[in-house]
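Heads up: the sequence shown at position 274 corresponds to 938 in the numbering used here, and the numbers run straight through without jumps.
Beta carbons: idealized from backbone N, C-alpha and C, even for Gly.
Here is the structure we will look at, set down as structure tokens.
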Amino acid sequence: RVAIAFRERCKIVNLASGNVESELEKYSGQGLSDYSSNGMLISRFSKDKSNPQKAILWNASNGQIVGSIDAPNEDCVPIFSPDGKRIFGVFAQGLVIWDSSNLERVGQVDIRWPKEKWFRGLLAWNPANQELAAVDGHGRVLKIDLIQDTATPLLREQKDPVKSVCWSQDGTRLITIGQEDGSVSVWNIQTGIVLTRIPDKGISYASFSADGTKVVTSTQRTDVVRKKRRAPPFWDRSTKVWDATTGSLERDLPTVGIVTFSHDWAFVVETGPEGLRIARFDGSESCYFPEWFDGHGSSCVFAPDNSYLASVNGSGRVAIWRHRAPERFWTYCITGYDLWVALLAFVALAWAIVGFVRMPVPPCSTDDPTANNPMDRSGGSAAS
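Here it is, written out as structure tokens:
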């Protein structure tokens, strides 16, 4: 499913059928903060001046209100844990935790956040055991204990402050991005030491591949001037793929925008000033959709099985893209317009062949003994 909110309405659409499954009751434009893995939706904060700290929860299947939670202040950002069992409210003094089943407040952890808070990079859940790591205002990587309500250093050997963290899928390694120079380090969680360092600076984003063998980084490109038109510095992006064990460079992808990988790294989507570009990771196929993006506030996300891609541009236009696997081509051909295109092409070809066969043959001249033979005895072309 996908939730699409516009003004004072929010619909839940089933991607397989394209049908609207539900519409959120009493949705009044609060904005959606997160969609849980077990089918729950939570708003940001209410427009009700009497209680601006209220965040509402809905059941996505039927659109009914499940309940609400009261955040410490209206700047709080409520998000779900990956398993959907907890709700975390990020506010100025730290984290507030609720149980999503009964909406009871179960804890609070005091954390001093950086001045410029980008919570998706400051918080990282371990996919293996749901352990939460956070980066505080001092650039330390902290382990959040949800039972004791404590935050303690996770990496014993960490000396330099960092600005972002990311787990590997197996939960054994961690990526950090340096706060001062934007350098990337890969850590072993069990030993607490650095396995390898990426020999690049100024990196703004980094993550593991699905199998954990590769690391992808994004940084501002300074060595390329685009040909069509000069883009703002924000769009001059470089995307590189590194070996997660040795730190050696494997690929420098030709990108200038913000890149999103599918979960299995089979596809790459780039959003930039030229529009939306979808490509295979191996570079075998690539196509542009310039009309779908305006380059501001654009974002994309893949479904877990890569069957769908959801995108929204700065103008609020939502698009759902469906992946067409080669083995399903004939299914689409029979049910879609491709069938009519194929039939028209076949009819046109048949008409051309029939017209050529029925073309009248010009009479041969009896004065030229070689006229009946297109090639004379010397091998040259016959004269007309």
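- Can you give me the start and stop residues for the beta strand (DSSP E) that C830 sits inside? 826-831
- Message: Whether or not the segment 807-814 and the segment 823-837 are in contact is what I'm after, with contact meaning three or more pairs of Cβ atoms, one per stretch, closer than 8 Å; do they touch?
- Response: no
- Task: Keeping to the same chain, check which residues put their C-beta closer than 6 Å to that of T846; ignore five residues upstream and five downstream.
- Result: In the sequence under discussion, the amino acid at residue 846 is Gly, which differs from the Thr named in the question. Result list for G846: K865, G866, I867, in chain order.
- Message: Looking only at its chain, what residues have a beta carbon closer than 8 Å to the beta carbon of M806, apart from the 5 residues adjacent to it on each side?
- Response: A small fix is needed here, since residue 806 is Leu in this sequence, not Met. Contacts found: I775, A797, A798, V799, D800, A815, T816, P817, L818.
- Does DSSP classify P817 as helix, strand or coil? strand
- Query: When the Cα atoms are used, what is the spatial distance from V754 to L786?
  - Reply: 10 Å
- Work out the CA separation of N678 and G693 for me, nearest whole Å. 21 Å
- Message: Going by DSSP in three states, V920 sits in which element: helix, strand or coil?
- Response: coil
- In the DSSP assignment, find the unbroken beta strand (DSSP E) run with N678 in it and report its ends. Note, N678: premise wrong, no beta strand (DSSP E); not H, not E.
- Whose CA, out of S912, T836, V848, lies closest to the CA of G856? T836
- Task: Output the residue ranges of the beta strand (DSSP E) runs that lie fully inside the segment 758-792 and measure 3 residues or longer, sorted by chain position.
- Result: 758-763, 769-774, 787-789
- Message: Considering only their Cβ atoms, is the gap separating G936 from R861 smaller than 8 Å?
- Response: no
- Cβ of L759 within 8 Å of Cβ of I808? yes
- Straight-line CA distance for G876 to H927? 12 Å
- Starting from the Cα of Q769, find the closest Cα among F752, Q757, W777 and give me that residue. Rather than Gln, the amino acid found at residue 769 in this sequence is Arg. Answer by Cα proximity: F752.
- Task: Alpha carbon to alpha carbon, how far is D763 from Y952? Give it in angstroms, no decimals.
- Result: 44 Å
- Query: Should P742 go down as buried or exposed, given a rule of 16 or more other Cβ atoms within 10 Å for buried?
  - Reply: buried
- Whose C-alpha, out of E672, I922, L838, I733, is nearest the C-alpha of K690? E672
- Message: Determine whether the beta carbon atoms of T840 and W831 lie at a separation below 8 Å.
- Response: no
- Task: Let me know the beta strand (DSSP E) ranges lying completely inside the segment 681-707, each 3 residues or longer, listed in chain order.
- Result: 684-687, 696-699, 704-707
- Query: The beta strand (DSSP E) with P977 in it runs from where to where?
  - Reply: Sequence inspection shows Asn at residue 977; the Pro mentioned does not correspond to that position. Unbroken run through N977: none, as it is neither H nor E.
- Query: Any idea what DSSP makes of L1008, helix, strand or coil?
  - Reply: helix
- Does the Cβ of A792 have 16 or more other Cβ atoms within 10 Å, making it buried, or fewer, making it exposed? exposed
- Query: Between V879 and D834, what straight-line distance do the alpha-carbon atoms span, to the nearest angstrom?
  - Reply: 14 Å
- Query: Between which two residues does the beta strand (DSSP E) carrying K807 extend?
  - Reply: 805-809
- Message: Contact defined as beta carbons within less than 8 Å: I believe E685 pairs with S725. What is the distance between those atoms, to the nearest angstrom?
- Response: 7 Å
- Quick one: what's got a C-beta closer than 7 Å to G731's C-beta in the same chain, skipping five residues either side? L721, L767
- Item | Residue of G921, W929, D946, F945 minimising C-alpha distance to G939 | G921
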